[in-house]
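Q: All residue numbers for the sequence shown refer to my numbering, where the first residue is 6 and numbers rise by one.
Where a beta carbon is used, it is the ideal one built from N, C-alpha and C, also for glycine.
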Amino acid sequence: MQLALIPPHSQARAHKHEHHETSIYALKGTTRVRYGENLQHDLEVPEGSFLYIPANLPHLPYNNTDTQATVVISRTDACDPESVVMLPMLDRDVLAGG
Numbered sequence: 006m007q008l009a010l011i012p013p014h015s016q017a018r019a020h021k022h023e024h025h026e027t028s029i030y031a032l033k034g035t036t037r038v039r040y041g042e043n044l045q046h047d048l049e050v051p052e053g054s055f056l057y058i059p060a061n062l063p064h065l066p067y068n069n070t071d072t073q074a075t076v077v078i079s080r081t082d083a084c085d086p087e088s089v090v091m092l093p094m095l096d097r098d099v100l101a102g103g
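1) Assuming A101 contacts P66 under a Cβ cut-off of 8 Å, what Cβ separation, rounded to an integer in Å, is found between them?
2) Using a Cβ distance threshold of 8 Å, determine whether the region 9 to 16 contacts the region 42 to 57, with at least three qualifying pairs required.
3) Near Y57, which residues of its chain fall below 6 Å by C-beta distance, leaving aside the five closest residues on each side in sequence?
4) Taking 8 Å as the limit between beta carbons, can you name the residues of its chain near M91, skipping five residues before and five after?
5) Got a sec? Which residues, its chain only, sit under 7 Å from E23 by beta carbon, not counting five neighbours each side?
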């Protein structure tokens, strides 16, 4: 498990986790996530909600609010960095409407 702070007006890079599933609990604040083969879906993750990300699903989390968000991340693989695949071809500036 990991506690992550997501600063206001920030975003991660597009990526997927090849060999494990991820569950995220929004402890404080609201974030969003783009997901899908071309990041074509966009979902709000409000405070107090859970988000499930299956293995191999491209996603890009971001915080487009003025408030820092705090999330708890739990994965089925404790060696997380080993199964992360960065997807630079899907990177876009979602904060600028991309």
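A: The answer reads as follows:
1) Translated into the one-based positions of the sequence shown, residue 101 becomes position 96. Translated into the one-based positions of the sequence shown, residue 66 becomes position 61. That pair is no contact at about 16 Å.
2) no
3) Here residue 57 refers to the residue found at position 52 when the sequence shown is read from its first residue. Once the five neighbours on either side are set aside, the close Cβ partners of Y57 are S28.
4) The residue given as residue 91 occupies position 86 in the sequence shown. So the list reads R18, A19 and H20, once near-sequence residues are dropped.
5) The residue you call residue 23 lines up with position 18 of the sequence shown. For E23, where only same-chain residues beyond five positions count, the Cβ hits under 7 Å are A60, N61, S88 and V90.
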